[in-house]
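In the order they appear, the protein sequences are chains A and B. Quick note: the first sequence uses numbering that gives the first Met the number 0, first residue 0, plus one each step. Quick note: the second sequence uses numbering that gives the first Met the number 0, first residue 0, plus one each step. Below is one structure, written out as structure tokens, with a few remarks after it.
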Amino acid sequence: MRLIRLWPENSHFDFMRLRRFSFPLSAAISIATAIVLVTIGLNFGIDFKGGTLMEIQAKSGQANVAQIRQTAEGFGFGDVEVQEFGTGGEVSLRFPIQAGGESAQAAVVQKARDTFSNEYEFRRVETVGPRVSGELVQSGTIGVVLSVIAVLFYLWFRFERELAVASIIGTLHDIVLTIGFFVITRHEFNMTSIAAILTIVGYSLNETVVVFDRTRELMRRYKTMPAEELLNLSINHTMSRTIMTAATTALSLLALVLFGGQAIQGFAQVMLYGVVICTYSAICISSPMLIYIGLRGSESVKVPEGRAAAAE
Amino acid sequence: MLRFSRSKIIATMAIIVIGLLLAVPSMMNREQRQAYLNAIPSWVPSWLVPSRAIVLGLDLQGGSHVLLEVDAQDLLRGQITLLRDDVRRILRDTRVSSQNGIQTVQRGVQIRVPDAAERDRLMPRLRELSQPIGNAMLGQSGGNSVQINTTPDGVITLTYTDAGINERVRRAVDQSIEVVRRRIDATGTTEPSIQRQGADRVLVQVPGLQDPQQLKALLGETGNLEFRLLAQPGATDVDMLPMEDAGGQRVPVERRVIAEGGDLTDAQPAFDSQTRQPIVNFRFNIRGAQRFGQATTENLGRQLAIVLDNRVISAPTIQSPITGGSGQISGSFTVEQVNNLAVLLRSGALPAKLTIVEERTVGPGLGRDSIEAGKLATYVAGIFVVIFMFATYGVFGLIANIALLVHVGLIFGLMSVLEATLTLPGIAGIVLTIGTAVDSNVLIYERIREEVRSGRSIVSGIQAGFDRAFATIIDSNSTMAIAALILFFLGSGPVRGFAVVFILGILTTVLTAVTLTRMMIALWYQWMRPKVLPF
């Protein structure tokens with residue numbers, strides 16, 4: 000039986016050359032992300048914005064969106080977003096946070112239930128008060144920041160400082176691009192999105208760690224090899240693994256996107272995008288970054304030639 | 000070189016078999032599980048039989064999640080009232096009178112006693128009100144509950160300290176949990192989970208509950224019941240309270256409380272035998288019965304105000320003395336209102352108002368759809384991976400696939416025994432750990448290929464492949480574990496469910512993708528004695 004090979008053996012592809020394209024490209028995308036983030040902003044879900052989200056499904060299988068919108072706007076609870084999704088007459092309603100503190104939110108749910116429950120089944124109701132949403136924003140931000148710091152410490156401890164810094168730069172790059180994805184696609188940004196971002200942080204580091212592990216090993220074997228060549232060798236050595244892993248993970252996530260149901264689709268789409276970005280950044284951002292940061296800073300005392308190589 | 004010690008093989012297999020057995024109950028539905036438990040002979044000790052099935056999160060089985068917060072402002076108001084009563088009692092006991100009476104200030108009360116001698120008599124008694132904070136068993140945690148300040152011209156201010164308020168909030172949460180539990184139990188809801196969250200919150204999770212309106216109505220009331228008299232015209236010392244019978248119009252009610260909710264021993268919904276109206280029958284304890292009997296005897300013909308949470312819910316006329324210690328509350332109630340009222344009275348009053356700060360309800364239909372979709376996605380993802388691995392690595396891929404199945408089984412087993420909750424993001428977590436587990440095997444196999452290509456024999460190539468890839472696997476899994484741990488500590492609900500699966504998945508990866516795979520490959524090698532790598 001012929002077994003599949005996704006990447007040729009003994010490849011000598013010059014990955015470091017890609018940086019001439021990848022660095023400007025990533026810089027441009029990052030700047031564009033910063034701009035759209037400031038101008039358009041994230042589509043915050045009720046976890047972070049507060050308010051009420053309801054998903055209803057027509058008992059008849061056919062929803063009358065226009066009528067729902069008109070009725071809901073007549074409630075006087077402010078701008079309401081009404082959206083149809085799925086194929087079975089499912090409609091989501093989003094009400095903004097109501098003035099009057101935590102307890103004022105309950106009236107929205109009550110009113111909607113009274114009005115729609117004859118013809119529609121209430122599939123999901125979520126109400127988040129102003130204080131809780133503020134706390135969720137805080138804990139979400141702290142979570143992402145803390146995890147990046149914690150991982151930085153781990154890498155610093157396990158790897159040379161240069162490698163740790165380069166992988167963190169790669170990870171930050173991936174976080175930025177993921178946020179850009181959220182802004183552009185208008186995916187709702189909520190607690191689950193934070194989970195997705197933290198998972199992408201994990202995956203991104205996994206990718207760089209695998210390459211850098213090899214880099215470190217080769218550094219010890221070829222003490223005089225120039226950084227560029229060494230990094231190319233590391234990536235070529237690990238490439239068939241990288242392709243294999245990215246492909247299996249992407250296939251699994253594709254299954255979630257296609258069959259995971261509406262609730263999990265959003266998460267899976269972000270993760271799928273994340274896998275592509277993480278693989279790209281490990282090869283085209285973090286690794287070439289080492290050419291600039293210098294590869295052998297901490298070993299330069301022992302291996303003077305290495306410094307010369309890194310400095311070229 | 001690929002030899003395993005017998006003890007290591009036995010230990011690994013034992014862990015795997017136990018882990019998989021723990022997952023067995025989760026694979027069955029309720030009836031199958033019951034049948035299986037019945038089929039176990041009775042001489043087998045019960046702790047040997049895995050019986051726990053995995054707990055499904057509210058997002059998968061449907062249900063309501065309501066986060067309540069103790070209203071600290073409301074609590075403080077109540078505390079200040081108590082403090083005012085205490086100060087009044089002390090003034091009376093010491094026969095000191097305060098200029099302008101007792102003033103309420105922001106966090107306490109203020110009196111003015113210009114006479115120094117009177118102040119000297121008063122101060123030691125007032126200081127009794129300031130209790131040290133902390134657990135009597137564990138010692139003080141520093142500070143007093145009430146701070147007392149005096150000015151030279153005789154203004155005495157008693158205010159609650161921050162520590163005093165926090166302590167009260169903490170105790171109020173404990174009390175609230177008890178009261179909430181009694182109220183929810185009374186509705187006959189199955190398996191509610193009620194827990195403290197943070198300093199001032201109570202999280203109530205009720206699986207299967209689709210419309211939380213009744214629950215919210217029940218938790219939204221403090222449940223503070225008082226029997227007072229409707230004031231006669233011209234009376235002083237009255238509160239103006241809204242009366243429900245009169246459409247919310249305010250009526251004067253005497254401040255003196257005849258009896259209160261705490262004096263009740265029982266309350267039951269019933270129907271009045273004459274009017275067929277829903278009513279609540281209640282019974283007093285001895286103290287309540289005495290006071291109620293005396294008050295009704297003395298005030299025949301007057302209206303009794305039944306006050307719930309500062310609303311007059313009913314004001315019947317006292318027609319005869321009620322000395323037996325039992326009575327009824329009637330009014331224009333619906334059956335549901337009467338049921339709720341009886342529950343409120345039986346379960347006692349909350350120490351302060353609870354505010355709903357977050358509510359999440361998932362209908363059972365959506366939960367069912369989610370779990371079906373999640374299952375399908377997991378199967379499809381699994382099949383993708385299994386075919387892909389086999390097509391790439393042949394026999395080794397098959398071995399990795401077996402390890403992968405064990406890996407998923409172990410996650411389920413561990414989750415069942417830890418009583419961790421499987422949520423929708425948790426299903427995504429399972430799919431992702433499949434990814435990380437595959438990654439570990441891929442790392443090993445690619446390394447083996449490389450080592451053999453560079454001239455090693457198969458045995459030493461396999462050996463070196465495992466050894467060299469191990470460091471990488473540890474590094475990559477550790478970084479992921481750090482991210483997952485932070486997610487676990489900071490996340491809540493479904494997100495935390497994702498983190499749990501992810502952490503367990505990383506733990507079992509090392510066992511299955513490294514140890515189990517290695518063992519199977521060693522067996523395969525001894526059996527086949529191949530001359531070249533099969534991939």
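The beta carbon of each residue, even a glycine, is placed where N, CA and C say it ideally should be.
8 Å Cβ cutoff met for residue i and residue j
| i | j | result |
| --- | --- | --- |
| F188 of chain A | F180 of chain A | no |
| V108 of chain B | I79 of chain B | yes |
| S63 of chain B | A185 of chain B | no |
| G434 of chain B | S146 of chain A | no |
| G163 of chain B | I193 of chain B | no |
| A498 of chain B | L510 of chain B | no |
| T93 of chain B | R120 of chain B | yes |
| I45 of chain A | T51 of chain A | yes |
| I242 of chain A | G169 of chain A | no |
| R249 of chain B | P241 of chain B | yes |
| E54 of chain A | S29 of chain A | no |
Reference residue i, options the options, closest by Cα
| i | options | result |
| --- | --- | --- |
| V144 of chain A | A:G73, A:R157, A:L171 | A:L171 |
| S203 of chain A | A:V37, A:T248, A:V35, A:G99 | A:T248 |
| A267 of chain A | B:D474, B:A376, B:V250 | B:A376 |
| A512 of chain B | B:V458, B:I443, B:E357, B:N284 | B:I443 |
| V210 of chain A | A:F14, A:R4, A:I3, A:E8 | A:F14 |
| I263 of chain A | B:I8, B:L431, B:L417 | B:L431 |
| A314 of chain B | B:D73, B:A304, B:L506 | B:A304 |
| E125 of chain A | A:A106, A:Q137, A:R220 | A:A106 |
| G77 of chain B | B:D236, B:P350, B:V16, B:F465 | B:P350 |
| S132 of chain A | B:R528, B:S491, B:L503, B:W526 | B:S491 |
| L67 of chain B | B:V179, B:A521, B:Y524 | B:V179 |
| W523 of chain B | B:L397, B:T507, B:V379 | B:L397 |
| G142 of chain B | B:V172, B:D152, B:L157, B:D161 | B:D161 |
| R4 of chain A | A:A246, A:A163, A:T207 | A:A246 |
| S233 of chain A | A:R215, A:K222, A:F152 | A:R215 |
Endpoints, the alpha helix (DSSP H) within which residue i is located
| i | result |
| --- | --- |
| P129 of chain A | 129 to 157 |
| Q462 of chain B | 457 to 489 |
| N400 of chain B | 394 to 417 |
| F226 of chain B | Where F226 of chain B is concerned, there is no enclosing alpha helix (DSSP H), although the beta strand (DSSP E) it sits in stretches over 224 to 229. |
| G428 of chain B | 423 to 452 |
| A33 of chain A | 18 to 38 |
| N231 of chain A | 226 to 258 |
| T501 of chain B | Per the sequence shown, the amino acid found at residue 501 of chain B is Phe instead of Thr. 493 to 508 is the span of the alpha helix (DSSP H), which, as asked, contains F501 of chain B. |
| R32 of chain B | 29 to 38 |
| P220 of chain A | The residue asked about is misnamed: residue 220 of chain A is Arg in this sequence, not Pro. Here the alpha helix (DSSP H) through R220 of chain A covers 190 to 220. |
| V175 of chain A | 160 to 184 |
Expected contact under 8 Å - CB spacing of residue i and residue j to nearest Å
| i | j | result |
| --- | --- | --- |
| G362 of chain B | R122 of chain A | 5 Å |
| G56 of chain B | G496 of chain B | 6 Å |
| F281 of chain B | A266 of chain B | 4 Å |
| P268 of chain B | V203 of chain B | Going by Cβ atoms, the distance from P268 of chain B to V203 of chain B rounds to 23 Å, so no, they are not a contact pair. |
| E83 of chain A | E89 of chain A | 7 Å |
| A165 of chain A | I481 of chain B | Contact doesn't hold; Cβ gap of about 18 Å is too wide. |
Counted within 10 angstroms of its Cβ, other Cβ atoms place residue i as buried (16 or more) or exposed
| i | result |
| --- | --- |
| N231 of chain A | buried |
| N400 of chain B | buried |
| S45 of chain B | exposed |
| E311 of chain A | Reliability of the predicted coordinates at E311 of chain A is poor, the pLDDT of 35 falling under 50, and the value obtained from them is presented with this limitation in mind. Flag for E311 of chain A reads exposed. |
| Q273 of chain B | exposed |
| H236 of chain A | buried |
| G305 of chain A | In this predicted model, G305 of chain A has a pLDDT of only 41, less than 50, meaning its place in the structure is not dependable enough to derive any value. |
| T198 of chain A | buried |
| Q98 of chain B | exposed |
| Y378 of chain B | exposed |
| L21 of chain B | buried |
| L413 of chain B | buried |
| R106 of chain B | buried |
| K7 of chain B | exposed |
| A308 of chain A | Confidence is the limiting factor: at A308 of chain A the pLDDT is only 43, short of 50, which leaves the residue's position unreliable and the question unanswerable from this model. |
| Q209 of chain B | buried |
| G265 of chain A | buried |
Residue span of the beta strand (DSSP E) that contains residue i, given as start and end
| i | result |
| --- | --- |
| T51 of chain A | 50 to 57 |
| L66 of chain B | 62 to 69 |
| M270 of chain A | Looking at the DSSP string, M270 of chain A is not in any beta strand (DSSP E); the run it does join, the alpha helix (DSSP H), is 261 to 280. |
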